[in-house]
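Enquirer: Please see the structure below; I have some questions.
In our numbering, the protein residues as written are 380 to 547.
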């Protein structure tokens with residue numbers, strides 16, 4: 380494991396999993412550019428820093444650090460979901476009547492406790508494409524911060540990162 384202490388911010392670092400309602404959908408990876416644009420849409424209104432992210436066909440994981448004076452990650456997730464749904468309707472990828480049901484109504488959120496906890500979650504995230512049988516190694520998954528972490532000298536994924544419980 381590598382030391383992620385400089386990236387960790389107490390009380391403001393969140394691990395999130397956001398899932399499409401249709402578990403068989405591949406909408407997120409087919410339209411990853413629109414997903415990124417959706418995040419940029421509201422980032423200037425409600426800032427956040429993305430530490431790590433992995434986009435899978437039907438769900439995404441992210442670790443966000445929020446500003447000291449605004450720890451409302453729910454609003455950010457809702458903006459992301461609404462903006463992406465709007466883009467899918469505008470692009471003709473989803474019918475307008477389906478836009479409100481595009482996302483699973485609930486999402487997983489977890490406040491990261493410390494740098495070690497963050498390392499564990501980053502390793503879990505980067506190993507998720509392997510866990511789901513999409514690739515044999517994180518190097519082979521393009522929709523991930525794995526490549527940036529590796530280029531920066533962090534090696535946070537091992538086969539032990541994959542837990543049978545499904546969560547870190």
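A virtual CB, placed ideally from N, CA and C, is assigned to each residue, including glycine.
#1: Need the endpoints of the beta strand (DSSP E) that residue 400 sits in, please.
#2: Are residue 426 and residue 405 touching if we call contact CB-CB under 7 Å?
#3: Out of 422, 501, 399, 483, which has the shortest C-alpha to C-alpha gap to residue 451?
#4: For the region 471-485 against the region 439-449, are there 3 or more C-beta pairs whose distance is under 8 Å?
#5: Give the DSSP bridge partners of residue 394, in chain order.
#6: Under 8 Å: do the region 459-467 and the region 479-499 share three or more Cβ pairs, one atom per stretch?
#7: Using DSSP with H/G/I as helix, E/B as strand and the rest coil, what is residue 457?
#8: Just the C-alpha distance for residue 490 and residue 496, rounded to the nearest angstrom, thanks.
#9: Looking at the unbroken alpha helix (DSSP H) that takes in residue 509, where does it start and where does it end?
#10: Assuming contact is defined by CB atoms lying nearer than 7 Å, are residue 440 and residue 504 in contact in what I supplied?
#11: Look at residue 408 and residue 522 and say whether their C-beta atoms are less than 7 Å apart.
#12: Quick check: residue 431 and residue 501, are their CB atoms within less than 7 Å of each other?
#13: If you measure from the CB of residue 439, is any heavy atom of the ligand SAH nearer than 6 Å?
#14: What does a CB cutoff of less than 8 Å around residue 403 pick up in its chain, not counting 5 residues either side in sequence?
Expert: Taking the coordinates as given:
#1: Note, residue 400: premise wrong, no beta strand (DSSP E); not H, not E.
#2: no
#3: 422
#4: no
#5: In the DSSP output, where bridge partners are listed per residue, residue 394 has 442, 489.
#6: Three or more beta-carbon pairs drawn from the region 459-467 and the region 479-499 are found closer than 8 Å, and the two stretches are therefore classed as touching.
#7: helix
#8: Each residue's alpha carbon lies about 10 Å from the other.
#9: 494-510
#10: yes
#11: yes
#12: yes
#13: Ligands are entirely absent from the displayed structure, and the ligand SAH is therefore not among its contents.
#14: 437
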